[in-house]
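2 protein chains.
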Amino acid sequence: MATTIYDIARELDVSHSTVSRALRDNPTVASATRRRIKEQALKMRYKPNLLARGLVNGKTQMIGFLTGSIYLEMVSAAAMVASNALRKAGYDMQITATEGRFKPTQHCANDLVARGVDGLIVRGVFPNITAEQMQEHFQFPAPTVFTSAVQLPFPCRQVCHDEAAGVTEIMEHLYGLGHRHIYMLSGLWEGWKKYPVFQGFYKNTAKYNLGNAREKIHKAPESFFDENGRRIYDTEVLTVWIKKFLQSHPDCTAIFCTSPKIALMLLSILPRLGVRVPEDISVVSSGDITGASCSHPQLSVVSLPLGKMMRTAVELLLDGIENDDNKPAKVIMPTKFIIRQSTEKVRSKARIKLKN
Amino acid sequence: MATTIYDIARELDVSHSTVSRALRDNPTVASATRRRIKEQALKMRYKPNLLARGLVNGKTQMIGFLTGSIYLEMVSAAAMVASNALRKAGYDMQITATEGRFKPTQHCANDLVARGVDGLIVRGVFPNITAEQMQEHFQFPAPTVFTSAVQLPFPCRQVCHDEAAGVTEIMEHLYGLGHRHIYMLSGLWEGWKKYPVFQGFYKNTAKYNLGNAREKIHKAPESFFDENGRRIYDTEVLTVWIKKFLQSHPDCTAIFCTSPKIALMLLSILPRLGVRVPEDISVVSSGDITGASCSHPQLSVVSLPLGKMMRTAVELLLDGIENDDNKPAKVIMPTKFIIRQSTEKVRSKARIKLKN
DNA sequence: TTGTACGCGTTATCAG
DNA sequence: CTGATAACGCGTACAA
Numbered sequence: 013m014a015t016t017i018y019d020i021a022r023e024l025d026v027s028h029s030t031v032s033r034a035l036r037d038n039p040t041v042a043s044a045t046r047r048r049i050k051e052q053a054l055k056m057r058y059k060p061n062l063l064a065r066g067l068v069n070g071k072t073q074m075i076g077f078l079t080g081s082i083y084l085e086m087v088s089a090a091a092m093v094a095s096n097a098l099r100k101a102g103y104d105m106q107i108t109a110t111e112g113r114f115k116p117t118q119h120c121a122n123d124l125v126a127r128g129v130d131g132l133i134v135r136g137v138f139p140n141i142t143a144e145q146m147q148e149h150f151q152f153p154a155p156t157v158f159t160s161a162v163q164l165p166f167p168c169r170q171v172c173h174d175e176a177a178g179v180t181e182i183m184e185h186l187y188g189l190g191h192r193h194i195y196m197l198s199g200l201w202e203g204w205k206k207y208p209v210f211q212g213f214y215k216n217t218a219k220y221n222l223g224n225a226r227e228k229i230h231k232a233p234e235s236f237f238d239e240n241g242r243r244i245y246d247t248e249v250l251t252v253w254i255k256k257f258l259q260s261h262p263d264c265t266a267i268f269c270t271s272p273k274i275a276l277m278l279l280s281i282l283p284r285l286g287v288r289v290p291e292d293i294s295v296v297s298s299g300d301i302t303g304a305s306c307s308h309p310q311l312s313v314v315s316l317p318l319g320k321m322m323r324t325a326v327e328l329l330l331d332g333i334e335n336d337d338n339k340p341a342k343v344i345m346p347t348k349f350i351i352r353q354s355t356e357k358v359r360s361k362a363r364i365k366l367k368n
Numbered sequence: 013m014a015t016t017i018y019d020i021a022r023e024l025d026v027s028h029s030t031v032s033r034a035l036r037d038n039p040t041v042a043s044a045t046r047r048r049i050k051e052q053a054l055k056m057r058y059k060p061n062l063l064a065r066g067l068v069n070g071k072t073q074m075i076g077f078l079t080g081s082i083y084l085e086m087v088s089a090a091a092m093v094a095s096n097a098l099r100k101a102g103y104d105m106q107i108t109a110t111e112g113r114f115k116p117t118q119h120c121a122n123d124l125v126a127r128g129v130d131g132l133i134v135r136g137v138f139p140n141i142t143a144e145q146m147q148e149h150f151q152f153p154a155p156t157v158f159t160s161a162v163q164l165p166f167p168c169r170q171v172c173h174d175e176a177a178g179v180t181e182i183m184e185h186l187y188g189l190g191h192r193h194i195y196m197l198s199g200l201w202e203g204w205k206k207y208p209v210f211q212g213f214y215k216n217t218a219k220y221n222l223g224n225a226r227e228k229i230h231k232a233p234e235s236f237f238d239e240n241g242r243r244i245y246d247t248e249v250l251t252v253w254i255k256k257f258l259q260s261h262p263d264c265t266a267i268f269c270t271s272p273k274i275a276l277m278l279l280s281i282l283p284r285l286g287v288r289v290p291e292d293i294s295v296v297s298s299g300d301i302t303g304a305s306c307s308h309p310q311l312s313v314v315s316l317p318l319g320k321m322m323r324t325a326v327e328l329l330l331d332g333i334e335n336d337d338n339k340p341a342k343v344i345m346p347t348k349f350i351i352r353q354s355t356e357k358v359r360s361k362a363r364i365k366l367k368n
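Respectively, the protein sequence lines represent chains E and U. According to the working numbering, the stretch in the first sequence is residues 13 to 368, in order. According to the working numbering, the stretch in the second sequence is residues 13 to 368, in order.
Right under this line is the structure:
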């Protein structure tokens, strides 16, 4: 059994409440006894039971970080930032990854709350969870901040990045390079048609008169989890897919991927099909993972202000906790377009031709 | 305030203990009342207070996952596997990332225990924490399983992968391709000289008579965290570093990286220095991150059995929890060498020459 | 079948 | 300055 304040009290022949006070530097207890108690506590390796403390205080100094997956580089990076920022403010953060499905997500969220977290950071939107479901089921008694690429269509505290603006930059860039046949390769799940990427794509396709946006958006093959817990896009499958795609869309001169991972794979697959990047086709992506700067060619991307977002989220959260409210607030952060080498002037040939 | 069993009891004019029993399907309570109570609980959106439950039960159904960083792809993947395995067994898992330094790590570990976790998975060894410190400070009252590349030099439950064997495979492979000047580029911190990678490298360098191993091992430039929480190896710095290295070691025909990320960067830097991979220099790494299969050329790697390791760790942990013991156990898992395209027959020229 | 009373380890309020 | 005593919400002997 772990030692409790009672053990210390008994040993020193004082009451447990004196021990409790002494341990938290309450000045009402004589400095002499205070010292004695602290020494004894140290000697007995006393560690306060945080469950008990949380129960009586109604506060746990613990923040929950809820996310569908911790596997994505950008998610884990975000978690680190949030964790460090919170630690500075005296809070611990516990990450809970839920696989993105509704049931586990809700379960974990409830658990977090039931475990008495003082606040909640909900990262991302979840596959197969609609906005309506989020609104209905993601109302927690503890202050909550949502962070994602999506402006949630209900009042809540949230900080998101302006992905649509990023898309605008991309389209502007590509258009300036002469591209008129720009396709979007989406790895995103259904049910969130309102994704700003889509909106941005629609808007700009219209603005530059690039044809029917709906026909330009294509869904990438599903990814899956391998036995090592890694989310994998099967290379073979993607190869077949992109081959078919280019055969039926030979006018394509630029591909905009919503996932940098898919973009990176494209960079490696296309040359094998006899398609050069960027000479034949330009590739660009949303999301700046580190691999993007050592790919061949280096990938042009929309960089997301993850660090700022998470620090802001933490600020919002702490504010909510201090003032014991949960009043809606929306912060939208600008993205930054990083031009590297995967985007170039449009090719002269109208149609692309694959090897053999 | 959240609703408690007392609230339900009052509403239904029964005692709170009846409610407590009913809610956990205790057959001693009349099925009629049981239904009434459950309905009422649902209606009042009752959620059990897990702090209180944990306090009285001495069990929380919660496992802590302690790691220096969650940022590495392999760590987050491992976390997902463990989390899912634990969930199946009825446990929740909370991840705590500590930045790898001693103080926060110890703090977080104590916190986890103080919060009443039923068990602990400690992933990796920690920068700047020696084996002695680990032995002294990582003795927790709750069952603990360590997972890492290192066999901890003290009795504990642990599952590690046999990295040395992986190195052996690499060296065998390279030697077979004619390489006699194999260098190791290590991204690992000091203080853990006992890393099996080193041992494996020493052993095989001796075995194949490849010269003084100590002179073959070189430390890569330090990485740092950028504002977005990503661990970055600065490309410029690494470029300068590798340039200098090759100038002073022109005999080098193969580089073995302990970090796949560095290897990937090398793949992109070397060509810019006029060095072709694998024609001029072979590159190989320990750790199979997904980017390794879409690099140019694809990277030969030692693949770690992360999934199996984590599932085994979970098994060990659950065993420890069930039997309420913490008796030492050591599981060592074999790695798998994946030959891709970054390793080839040794070049004919004795010395490498950089562009300009 | 149900209710009473107590304990889990803290903190907080009151007397003294 | 210190010590009873009462919460916090839940589980559970024990009694009814």
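Where a beta carbon is used, it is the ideal one built from N, C-alpha and C, also for glycine.
query: Does the contact criterion of 3 or more C-beta pairs under 8 Å hold for the region 60 to 70 of chain E versus the region 119 to 134 of chain U?; result: yes
query: Report yes if the CB atom of phenylalanine 257 of chain E is closer than 8 Å to the CB atom of isoleucine 182 of chain E, and no otherwise.; result: no
query: In angstroms with no decimal places, state the Cα-to-Cα distance between serine 413 of chain U and tyrosine 245 of chain U.; result: Chain U is shown from 13 up to 368; residue 413 of chain U falls before or after that span and cannot be answered.
query: Do you know whose CA, among U:Arg135, U:Glu291, U:Gln353, lies nearest serine 305 of chain U's CA?; result: U:Gln353
query: Pick helix, strand or coil for glycine 66 of chain E, following the three-state DSSP scheme.; result: helix
query: Going straight from the alpha carbon of leucine 84 of chain E to that of glutamate 85 of chain U, what length do you get?; result: 8 Å
query: In terms of residue numbering, what span does the beta strand (DSSP E) encompassing serine 312 of chain U cover?; result: 312 to 315
query: Are three or more beta carbon pairs between the region 99 to 114 of chain E and the region 159 to 167 of chain E nearer than 8 Å?; result: no
query: Helix, strand or coil: which one does DSSP assign to leucine 330 of chain U?; result: helix
query: Can you check which of these residues, U:Pro317, U:Ile351, U:Asn240, U:Gly332, is closest to aspartate 300 of chain E by C-alpha distance?; result: U:Asn240
query: Classify glutamate 356 of chain E: buried if its beta carbon has 16 or more other beta carbons within 10 angstroms, exposed otherwise.; result: buried
query: Hey, could you find the ends of the beta strand (DSSP E) isoleucine 229 of chain U is sitting in?; result: 229 to 231
query: Is it buried or exposed, leucine 164 of chain U, if we count other Cβ atoms within 10 angstroms and call 16 or more buried?; result: buried
query: Output needed for leucine 398 of chain U: all residues of its chain with C-beta closer than 8 Å, excluding positions within five of it in sequence on either side, in chain order.; result: Residue 398 of chain U falls outside the range modelled here, since chain U spans only 13 to 368, and no answer is possible.
query: Can you tell me the Cβ-Cβ gap for valine 209 of chain U and threonine 270 of chain U, rounded? I've got them flagged as a contact below 8 Å.; result: 6 Å
query: Would glycine 131 of chain E and isoleucine 281 of chain E be called neighbours here (beta carbons separated by less than 8 Å)?; result: no
query: Look at the alpha carbon of isoleucine 82 of chain U and the alpha carbon of lysine 339 of chain U, and state the distance between them as a whole number of angstroms.; result: 28 Å
query: My understanding is that serine 297 of chain E touches proline 272 of chain E, with C-beta atoms under 8 Å, so please give their C-beta distance in whole angstroms.; result: 4 Å
query: List the residues of chain E whose Cβ lies closer than 8 Å to the Cβ of cysteine 120 of chain U, in chain order.; result: Asp104
query: Could you check if proline 39 of chain U is buried or exposed, using at least 16 other CB atoms within 10 Å of its CB as the buried criterion?; result: exposed
query: Over what stretch of residues does the beta strand (DSSP E) that includes cysteine 269 of chain E continue unbroken?; result: 266 to 269
query: In whole angstroms, what is the alpha-carbon distance linking glutamate 429 of chain E and lysine 50 of chain U?; result: Summary: the structure shown does not reach residue 429 of chain E, with chain E confined to residues 13 through 368, and so no result is reported for it.
query: With DSSP collapsed to three states, give me the class of alanine 176 of chain E.; result: helix
query: Counting only Cβ pairs nearer than 9 Å, list the residues of chain E close to threonine 108 of chain U.; result: Ser95, Asp104, Met105, Gln106, Ile107
query: If we ignore side chains and look at the alpha-carbon of each, how far apart do serine 260 of chain E and lysine 206 of chain E end up?; result: 27 Å
query: Assign threonine 117 of chain U to one of three DSSP states: helix, strand, or coil.; result: helix
query: When DSSP labels each residue in this structure, what does tyrosine 195 of chain U get in the three-state scheme?; result: strand
query: How about proline 165 of chain U: is its C-beta nearer than 8 Å to some C-beta of chain E?; result: no
query: By the three-class DSSP mapping on this structure, what secondary structure does phenylalanine 138 of chain E have?; result: coil
query: Using a Cβ-Cβ cutoff of 9 Å, what residues of the region 238 to 268 of chain E are near chain U? List them in chain order.; result: Asp238, Glu239, Asn240, Gly241, Arg242, Arg243, Ile244, Tyr245, Thr247
query: Assign phenylalanine 210 of chain E to one of three DSSP states: helix, strand, or coil.; result: helix
query: Report the partner residues of serine 297 of chain E according to the DSSP bridge assignment.; result: E:Cys269, E:Val313
query: Nearest-angstrom Cα distance between phenylalanine 114 of chain U and valine 134 of chain U?; result: 14 Å
query: Name the chain E residues whose beta carbon is nearer than 8 Å to that of lysine 59 of chain U?; result: Asn122, Val125, Ala126
query: For proline 139 of chain E, decide whether its Cβ has a neighbour in chain U, counting only Cβ atoms nearer than 8 Å.; result: no
query: Nearest CA to the CA of valine 313 of chain E: which residue from E:Ile351, E:Met345, E:Met322?; result: E:Ile351
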